[in-house]
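Numbering (our numbering), first residue to last: 331 to 600.
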(Lines of atoms letter the chains of each structure in order from A and count residues from 1; the text may use other names and numbers.)
(Lines give C-alpha, C1' and ligand atoms only; values in the text may rest on other atoms or scores of the structure.)
Protein backbone atom coordinates (compact mmCIF):
# COMPACT_ATOMS: atom_id res chain seq x y z
CA UNK A 1 0.00 0.00 0.00
CA UNK A 2 1.28 3.48 -0.88
CA UNK A 3 1.93 5.73 2.07
CA UNK A 4 -0.59 8.48 2.72
CA UNK A 5 0.88 11.60 1.10
CA UNK A 6 -1.90 13.95 2.22
CA UNK A 7 -0.49 16.94 4.06
CA UNK A 8 -2.45 19.17 6.48
CA UNK A 9 -2.34 22.09 4.01
CA UNK A 10 -3.67 19.96 1.19
CA UNK A 11 -6.40 18.57 3.45
CA UNK A 12 -7.51 22.08 4.36
CA UNK A 13 -7.65 23.11 0.70
CA UNK A 14 -9.68 20.00 -0.17
CA UNK A 15 -12.15 20.73 2.64
CA UNK A 16 -12.49 24.37 1.55
CA UNK A 17 -13.28 23.32 -2.00
CA UNK A 18 -15.76 20.72 -0.73
CA UNK A 19 -17.56 23.21 1.52
CA UNK A 20 -17.80 25.77 -1.23
CA UNK A 21 -19.14 23.23 -3.71
CA UNK A 22 -21.70 21.90 -1.25
CA UNK A 23 -22.95 25.40 -0.40
CA UNK A 24 -23.36 26.21 -4.07
CA UNK A 25 -25.45 23.07 -4.55
CA UNK A 26 -27.47 22.85 -1.32
CA UNK A 27 -27.32 26.26 0.32
CA UNK A 28 -25.71 27.31 3.58
CA UNK A 29 -25.11 24.75 6.35
CA UNK A 30 -22.86 24.25 9.39
CA UNK A 31 -20.59 21.39 10.45
CA UNK A 32 -18.84 20.45 13.67
CA UNK A 33 -15.28 19.13 13.60
CA UNK A 34 -12.73 18.69 16.35
CA UNK A 35 -10.52 21.70 16.68
CA UNK A 36 -7.37 19.68 16.26
CA UNK A 37 -8.51 18.36 12.87
CA UNK A 38 -9.27 21.69 11.18
CA UNK A 39 -8.01 25.23 11.33
CA UNK A 40 -11.14 27.22 12.22
CA UNK A 41 -9.57 30.39 10.94
CA UNK A 42 -9.32 28.84 7.48
CA UNK A 43 -12.97 27.75 7.63
CA UNK A 44 -14.00 31.27 8.55
CA UNK A 45 -12.25 32.55 5.45
CA UNK A 46 -14.21 30.07 3.32
CA UNK A 47 -17.47 31.19 4.99
CA UNK A 48 -16.71 34.84 4.28
CA UNK A 49 -15.80 34.18 0.62
CA UNK A 50 -18.93 32.10 0.04
CA UNK A 51 -21.14 34.65 1.76
CA UNK A 52 -19.80 37.47 -0.38
CA UNK A 53 -20.33 35.38 -3.49
CA UNK A 54 -23.93 34.65 -2.52
CA UNK A 55 -24.63 38.31 -1.79
CA UNK A 56 -23.23 39.24 -5.17
CA UNK A 57 -25.35 36.65 -6.97
CA UNK A 58 -28.48 37.89 -5.16
CA UNK A 59 -27.95 41.47 -6.40
CA UNK A 60 -30.90 42.65 -8.42
CA UNK A 61 -30.07 45.15 -11.20
CA UNK A 62 -31.62 48.58 -10.95
CA UNK A 63 -33.98 49.89 -13.62
CA UNK A 64 -31.17 52.03 -15.06
CA UNK A 65 -28.82 49.02 -15.22
CA UNK A 66 -31.50 46.97 -16.95
CA UNK A 67 -32.09 49.75 -19.50
CA UNK A 68 -28.36 50.09 -20.20
CA UNK A 69 -27.99 46.32 -20.62
CA UNK A 70 -31.01 46.21 -22.90
CA UNK A 71 -29.65 49.06 -25.04
CA UNK A 72 -26.26 47.37 -25.37
CA UNK A 73 -27.78 44.14 -26.63
CA UNK A 74 -29.90 45.82 -29.30
CA UNK A 75 -28.70 45.92 -32.89
CA UNK A 76 -27.88 49.27 -34.51
CA UNK A 77 -31.17 49.35 -36.49
CA UNK A 78 -33.08 48.63 -33.28
CA UNK A 79 -31.29 51.42 -31.42
CA UNK A 80 -31.94 53.75 -34.34
CA UNK A 81 -35.65 52.96 -34.31
CA UNK A 82 -35.75 53.47 -30.53
CA UNK A 83 -34.50 57.08 -30.73
CA UNK A 84 -37.23 59.47 -29.60
CA UNK A 85 -35.36 62.77 -29.82
CA UNK A 86 -32.73 64.47 -31.94
CA UNK A 87 -30.34 64.41 -28.99
CA UNK A 88 -30.64 60.63 -28.68
CA UNK A 89 -30.09 60.32 -32.41
CA UNK A 90 -27.04 62.59 -32.24
CA UNK A 91 -25.52 60.41 -29.50
CA UNK A 92 -26.12 57.29 -31.58
CA UNK A 93 -24.60 58.90 -34.69
CA UNK A 94 -21.52 59.92 -32.70
CA UNK A 95 -20.85 56.24 -31.93
CA UNK A 96 -21.83 54.82 -35.33
CA UNK A 97 -18.65 54.06 -37.27
CA UNK A 98 -20.86 53.04 -40.20
CA UNK A 99 -21.41 56.76 -40.89
CA UNK A 100 -17.72 57.54 -41.35
CA UNK A 101 -16.02 58.00 -44.70
CA UNK A 102 -12.50 56.88 -45.60
CA UNK A 103 -11.15 60.22 -44.39
CA UNK A 104 -9.77 59.71 -40.89
CA UNK A 105 -10.24 62.04 -37.95
CA UNK A 106 -13.43 63.77 -39.11
CA UNK A 107 -16.02 65.26 -36.78
CA UNK A 108 -19.70 64.44 -36.74
CA UNK A 109 -21.75 67.07 -38.61
CA UNK A 110 -25.21 66.16 -37.38
CA UNK A 111 -27.59 69.02 -38.12
CA UNK A 112 -28.56 72.45 -36.87
CA UNK A 113 -31.56 74.71 -36.52
CA UNK A 114 -35.09 74.60 -35.20
CA UNK A 115 -35.87 71.00 -34.10
CA UNK A 116 -39.55 71.66 -34.76
CA UNK A 117 -39.07 73.43 -38.10
CA UNK A 118 -41.71 73.23 -40.81
CA UNK A 119 -38.96 73.50 -43.43
CA UNK A 120 -35.97 71.16 -43.58
CA UNK A 121 -33.00 71.72 -45.92
CA UNK A 122 -30.81 68.78 -46.90
CA UNK A 123 -27.43 69.18 -48.58
CA UNK A 124 -24.92 66.60 -49.74
CA UNK A 125 -21.90 66.32 -47.41
CA UNK A 126 -19.82 68.45 -45.02
CA UNK A 127 -16.83 70.38 -46.33
CA UNK A 128 -13.65 71.37 -44.52
CA UNK A 129 -15.18 74.27 -42.59
CA UNK A 130 -18.28 72.24 -41.70
CA UNK A 131 -16.08 69.42 -40.42
CA UNK A 132 -14.07 71.90 -38.35
CA UNK A 133 -17.11 73.51 -36.73
CA UNK A 134 -19.36 70.42 -36.65
CA UNK A 135 -22.18 72.34 -38.32
CA UNK A 136 -23.55 72.14 -41.88
CA UNK A 137 -23.34 75.07 -44.32
CA UNK A 138 -20.97 77.43 -42.50
CA UNK A 139 -18.47 78.08 -45.30
CA UNK A 140 -18.92 80.29 -48.36
CA UNK A 141 -21.80 78.12 -49.59
CA UNK A 142 -23.42 78.49 -46.19
CA UNK A 143 -23.14 82.26 -46.29
CA UNK A 144 -24.87 82.25 -49.67
CA UNK A 145 -27.56 79.92 -48.32
CA UNK A 146 -28.23 82.39 -45.49
CA UNK A 147 -28.76 85.14 -48.09
CA UNK A 148 -31.13 82.95 -50.10
CA UNK A 149 -33.16 82.19 -46.98
CA UNK A 150 -33.27 85.85 -46.00
CA UNK A 151 -34.54 86.74 -49.49
CA UNK A 152 -37.67 84.65 -48.83
CA UNK A 153 -38.07 85.86 -45.25
CA UNK A 154 -36.45 82.97 -43.38
CA UNK A 155 -33.78 83.19 -40.72
CA UNK A 156 -31.35 80.32 -40.44
CA UNK A 157 -32.77 79.59 -36.99
CA UNK A 158 -36.27 79.13 -38.48
CA UNK A 159 -35.33 76.03 -40.48
CA UNK A 160 -33.50 72.77 -39.84
CA UNK A 161 -30.40 71.97 -41.93
CA UNK A 162 -28.73 68.58 -42.43
CA UNK A 163 -26.77 66.62 -45.04
CA UNK A 164 -26.93 63.22 -46.69
CA UNK A 165 -23.55 62.36 -45.12
CA UNK A 166 -22.69 63.17 -41.53
CA UNK A 167 -18.92 63.02 -42.01
CA UNK A 168 -16.70 64.79 -44.53
CA UNK A 169 -15.48 62.76 -47.53
CA UNK A 170 -11.88 63.22 -48.77
CA UNK A 171 -11.20 66.18 -51.06
CA UNK A 172 -14.87 67.21 -50.89
CA UNK A 173 -15.76 64.49 -53.41
CA UNK A 174 -19.36 63.46 -53.99
CA UNK A 175 -20.68 60.83 -51.58
CA UNK A 176 -20.26 57.28 -52.84
CA UNK A 177 -23.42 55.17 -53.35
CA UNK A 178 -22.49 52.90 -50.44
CA UNK A 179 -21.93 55.92 -48.16
CA UNK A 180 -25.31 57.33 -49.10
CA UNK A 181 -26.93 53.96 -48.41
CA UNK A 182 -25.33 53.66 -44.97
CA UNK A 183 -26.27 57.21 -43.96
CA UNK A 184 -29.81 57.25 -45.32
CA UNK A 185 -31.57 55.39 -42.44
CA UNK A 186 -30.14 57.91 -39.96
CA UNK A 187 -31.25 60.84 -42.10
CA UNK A 188 -34.74 59.40 -42.50
CA UNK A 189 -34.99 59.08 -38.72
CA UNK A 190 -33.80 62.69 -38.42
CA UNK A 191 -36.52 63.81 -40.84
CA UNK A 192 -39.10 61.83 -38.88
CA UNK A 193 -38.08 63.50 -35.60
CA UNK A 194 -38.13 67.02 -37.05
CA UNK A 195 -41.34 66.23 -38.99
CA UNK A 196 -41.32 69.25 -41.34
CA UNK A 197 -44.06 70.23 -43.74
CA UNK A 198 -41.60 70.78 -46.60
CA UNK A 199 -38.16 69.47 -47.56
CA UNK A 200 -35.77 71.33 -49.85
CA UNK A 201 -32.99 69.23 -51.40
CA UNK A 202 -29.88 71.27 -52.18
CA UNK A 203 -28.00 69.67 -55.04
CA UNK A 204 -28.26 66.62 -57.29
CA UNK A 205 -26.85 64.09 -54.80
CA UNK A 206 -29.37 65.06 -52.15
CA UNK A 207 -32.30 64.92 -54.58
CA UNK A 208 -31.25 61.64 -56.19
CA UNK A 209 -30.71 60.00 -52.80
CA UNK A 210 -34.06 60.91 -51.30
CA UNK A 211 -36.08 60.43 -54.49
CA UNK A 212 -34.19 57.23 -55.39
CA UNK A 213 -33.67 58.58 -58.89
CA UNK A 214 -30.88 58.90 -61.44
CA UNK A 215 -32.56 61.81 -63.19
CA UNK A 216 -30.80 65.11 -63.71
CA UNK A 217 -31.40 67.91 -61.27
CA UNK A 218 -32.83 70.01 -64.08
CA UNK A 219 -35.56 67.42 -64.69
CA UNK A 220 -36.34 67.05 -60.96
CA UNK A 221 -36.61 70.73 -60.02
CA UNK A 222 -39.56 73.05 -60.57
CA UNK A 223 -42.17 70.78 -58.96
CA UNK A 224 -43.05 69.23 -55.62
CA UNK A 225 -42.48 65.51 -55.15
CA UNK A 226 -44.35 63.20 -52.81
CA UNK A 227 -41.83 61.88 -50.30
CA UNK A 228 -42.62 58.90 -48.06
CA UNK A 229 -46.34 59.63 -48.56
CA UNK A 230 -45.95 62.25 -45.85
CA UNK A 231 -43.84 65.18 -46.99
CA UNK A 232 -43.61 67.49 -49.99
CA UNK A 233 -40.12 67.74 -51.42
CA UNK A 234 -38.64 70.37 -53.75
CA UNK A 235 -35.19 70.30 -55.32
CA UNK A 236 -32.86 73.12 -56.37
CA UNK A 237 -29.18 73.83 -57.02
CA UNK A 238 -26.59 73.58 -54.27
CA UNK A 239 -25.27 76.98 -53.12
CA UNK A 240 -21.72 75.81 -53.88
CA UNK A 241 -22.77 75.25 -57.50
CA UNK A 242 -24.16 78.78 -57.66
CA UNK A 243 -20.74 80.14 -56.65
CA UNK A 244 -19.28 78.45 -59.74
CA UNK A 245 -22.18 78.91 -62.18
CA UNK A 246 -23.98 82.23 -61.98
CA UNK A 247 -26.45 81.13 -64.69
CA UNK A 248 -28.19 78.86 -62.13
CA UNK A 249 -29.04 81.71 -59.76
CA UNK A 250 -32.21 82.66 -61.66
CA UNK A 251 -33.74 79.13 -61.60
CA UNK A 252 -32.77 78.81 -57.94
CA UNK A 253 -34.57 82.07 -57.20
CA UNK A 254 -37.66 80.70 -58.95
CA UNK A 255 -37.47 77.49 -56.91
CA UNK A 256 -37.25 79.19 -53.53
CA UNK A 257 -40.09 81.58 -54.38
CA UNK A 258 -42.21 78.51 -55.15
CA UNK A 259 -41.06 77.03 -51.85
CA UNK A 260 -42.09 80.10 -49.85
CA UNK A 261 -45.51 80.22 -51.50
CA UNK A 262 -46.21 76.57 -50.73
CA UNK A 263 -44.90 76.99 -47.18
CA UNK A 264 -47.44 79.73 -46.55
CA UNK A 265 -50.24 77.70 -48.14
CA UNK A 266 -49.52 74.82 -45.78
CA UNK A 267 -49.64 77.13 -42.78
CA UNK A 268 -45.98 76.96 -41.91
CA UNK A 269 -44.76 78.73 -38.79
CA UNK A 270 -44.32 82.47 -39.47
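By construction, the Cβ of each residue, glycine as well, lies at the ideal position given by its N, Cα and C atoms.
Check	Outcome
CA-to-CA distance, residue 493 to residue 538, given in whole angstroms	13 Å
Alpha-carbon to alpha-carbon, residue 500 and residue 589	32 Å
Straight-line Cα distance separating residue 425 from residue 435	14 Å
Under 8 Å between C-beta atoms of residue 449 and residue 569	no
Residue range of the unbroken beta strand (DSSP E) whose run includes residue 482	Segment: none, residue 482 is in no beta strand (DSSP E) and carries neither H nor E.
DSSP three-state assignment for residue 593, whether helix, strand or coil	helix
Neighbourhood of residue 447 by C-beta, 7 Å cutoff - its chain only, sequence neighbours within 5 removed	488, 489, 490, 524, 526
7 Å CB neighbourhood of residue 295 in its chain, flanking five on each side removed	Examination of residue 295 is not possible in this model, given that the chain is present from 331 through 600 alone.
Beta-carbon spacing of residue 438, residue 464 below 8 Å	yes
Of the residues 584, 458, 551, the one placed nearest residue 433, counting alpha carbons only	458
Distance between residue 566 and residue 552 (C-alpha atoms, nearest Å)	8 Å
CA-to-CA distance, residue 507 to residue 417, given in whole angstroms	27 Å
Beta-carbon gap between residue 451 and residue 516 smaller than 8 Å	no
Simplified DSSP assignment, three categories, for residue 521	helix
Cβ distance (whole Å) where residue 498 is taken to contact residue 466 below 8 Å	Contact flag wrong, Cβ pair sits at about 11 Å.
Beta-carbon proximity list for residue 519, same chain, < 8 Å, skipping 5 on both sides	410, 411, 413, 419
Beta-bridge pairing of residue 567 - partner residues as DSSP gives them	Partner(s): none; residue 567 has no beta bridge.
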